[in-house]
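Below is one structure, written out as structure tokens; the observations come after it.
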Amino acid sequence: MSFWNYFLPPENASAHGKSLDDLTLYIHLLMAVLFVGWLAYFLIAVFRFRSSANPKADHTGARSHFSTYAEVGVAAVEVLLLLGFAVPLWAKAVDQFPVATGNPETDPIEVQIMAQQFAWNAHYPGPDGKWGKQDVKFAGSNPFGLDPNDADGKDDVTCLREPFLLPVNREVICKISSMDVIHCFKLPRMRVTQDAIPGMTIPVHFKPTKTGEYMIICAQLCGNLHSGMKGEFKVVTAEEYAAWYAEKAKSGGAGGFE
Ligand SMILES: [Cu+2]
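Spelled out as structure tokens, the structure:
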């Protein structure tokens, strides 16, 4: 690893990650320009208004209206950036949320992610595509509150405190929730960060573009073992994923929580 890698984010492995990395770079460049500009202005002011050249204080100050016009100009540019770019781009990003079309080969993979002190759990609907019934009264036996007697839940795939798998080059929707306190589902190499809030289910989507093993970290201080709240998931080929999913559907499932 080179010296500069310590200052850079980990290598991107998702489809949308490049745009986020570019945005981070542009913001840093803009900040660098502002830093140099303001520093230059500060040095000019310190030199020009030094006490030896201005022995007597000037109580009137600036006489032109330039600063007022500059303020109005800056405000106008900011309104343009917000209404002309930020709001439309955000609306476009929201519209790009992947939707299922009924094709099991290409539909987005949906995974429910349940955070708990201090681990990560994943839940898939299983080969029947139907989520098992969930109720808080079953949360004592499993973090998802899966009903052990529900037929739809028998083939559900659950990964409790163990790595889960995702296929490469396919949209994934993670539905994030928490069973105790506020955590944060952070996948550094997927450029995904979403708070996990008890009582809420918040979807995030991404598309992994490289196979490999990836880390989940908790990005909200959530208790005394927060720093150890790590999880893992693997991005594999479509075939490996299908084989794992079929195998897991046999052994996992809500029936196992009786
Ligand atoms: Cu946490």
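Residue numbers for the sequence shown follow the numbering used here, so the first one is 18 and each next one is one higher. C-beta atoms are modelled at their ideal positions from N, C-alpha and C, and glycine is treated no differently.
| Check | Outcome |
| --- | --- |
| Can at least three beta-carbon pairs, one atom from the stretch 150-163 and one from the stretch 221-232, be found at a separation below 8 angstroms? | no |
| Which whole runs of the beta strand (DSSP E) in the stretch 106-184 are 3 residues long or more, in chain order? | 126-133, 136-141, 174-177 and 181-184 |
| Helix, strand or coil for residue 193? Go by DSSP, reduced to three states. | strand |
| Name the one or two DSSP bridge partners that residue 233 has. | 248 |
| Please indicate yes or no: does the CB of residue 237 lie closer than 7 angstroms to some heavy atom of ligand 1? | yes |
| Let me make sure I understand the geometry here. Which of 196, 247 and 38 has the alpha-carbon closest to that of residue 152? | 196 |
| From the DSSP output, which residues share a beta bridge with residue 63? | The partner list for residue 63 (beta bridge, DSSP) is empty, contrary to what the question assumes. |
| Let's test the definition: count the other Cβ atoms within 10 Å of the Cβ of residue 61 and tell me whether it reaches 16, buried, or not, exposed. | exposed |
| Is residue 255 near ligand 1, with its Cβ less than 7 angstroms from a heavy atom? | no |
| Do residue 125 and residue 193 have their C-beta atoms within less than 8 angstroms of each other? | no |
| Taking 7 angstroms as the cut-off, is the C-beta of residue 217 nearer than that to any heavy atom in ligand 1? | no |
| How should residue 58 be labelled, buried or exposed, when 16 other C-beta atoms within 10 angstroms of its C-beta is the threshold for buried? | exposed |
| Mind checking residue 215: buried by the 16 CB within 10 Å criterion, or exposed? | exposed |
| Among 139, 177 and 134, which has the Cα closest to the Cα of residue 127? | 139 |
| Reducing DSSP to helix, strand and coil, say where residue 210 ends up. | strand |
| I'd like to know if the stretch 199-217 and the stretch 166-174 are in contact, where contact means that at least 3 CB-CB pairs between them fall below 8 angstroms. | no |
| Once you ignore the five residues that flank residue 248 on each side, which residues in its own chain have a CB closer than 6 angstroms to its CB? | 137 and 233 |
| Sorry if obvious, but does the Cβ on residue 132 come closer than 7 angstroms to a heavy atom of ligand 1? | yes |
| Locate the alpha helix (DSSP H) running through residue 91, then write down its first and last residues. | 83-97 |
| Roughly how many whole angstroms lie between the Cα atoms of residue 205 and residue 168? | 37 angstroms |
| Residue range of the alpha helix (DSSP H) that residue 14 falls in? | Residue 14 lies beyond the range of the chain shown here (18 to 275); nothing can be said about it. |
| Identify which residue in 150, 250, 156 and 182 has its Cα closest to the Cα of residue 257. | 182 |
| With burial defined as no fewer than 16 other Cβ atoms inside 10 Å of the residue's Cβ, what is the status of residue 113: buried or exposed? | exposed |
| Could you please give the first and the last residue of the uninterrupted alpha helix (DSSP H) stretch that includes residue 268? | 255-268 |
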